[in-house]
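Please read the structure below before turning to the comments.
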Amino acid sequence: MKGEPMKKGTSKALSKEQKAELQALAALSDEQIDTSDIPEILDWSGAKRGLLYRPVKRQITLRLDADVVAWFKANAPGGRGYQTEMNRVLRKHAQRTLNTRGSRGGTRTASKMLRPGAKSGNQSSAKSSGT
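Take a look at the structure:
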């Protein structure tokens, strides 16, 4: 799969039957909807907010020293996930700089752009880079 072009989704128009089915479902009250196959959750004490958040990514072209890229690739499991690790290191540096400088020295705008407490990528597979 890796290396293959992504398949673009197509938004096909709904058929008359599909539209009619959706309208019929929308007309049902909550009590009329059969939820017997869905277990009801009564205890939310273990729930964690924000686990499904995925940060918005922006594709850029960035020129880096070849040895830096080689180091991240060599330290990534199977050479994969090195860009996520680079993003994690950059975010950690940005947060540290923001915490050190506070709102002085041009970081006022940066503090609005950087989400406080945000984590990037898959934290469970991120290696400690010592930064």
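Note that this note's numbering gives residue 45 to position 42 of the sequence shown, counting from 1, and the numbers run on in steps of one. In this text, a Cβ means the ideal position worked out from N, Cα and C, and glycines have one as well.
Check your understanding: Quick one: what does DSSP say Gly-81 is sitting in, helix, strand or coil?
Key -> The DSSP-derived three-state label of Gly-81 is helix.
Check your understanding: Got a sec? Which residues, its chain only, sit under 8 angstroms from Leu-17 by beta carbon, not counting five neighbours each side?
Key -> So the list reads Leu-25, once near-sequence residues are dropped.
Practice item. Can you grab the Cα-Cα spacing for the pair Lys-95 / Gln-86, in whole Å? Key: In this model, Lys-95 and Gln-86 are separated by some 14 angstroms (Cα to Cα).
Point to revise | Minimum C-alpha distance to Met-116 - residue among Asp-37, Ala-23 and Ala-97 | key: Here the closest residue by C-alpha is Ala-97.
Exercise for review: Could you spell out the range, first to last residue, of the alpha helix (DSSP H) harbouring Leu-28?
Suggested key: From DSSP, the alpha helix (DSSP H) with Leu-28 extends over 19 to 30.
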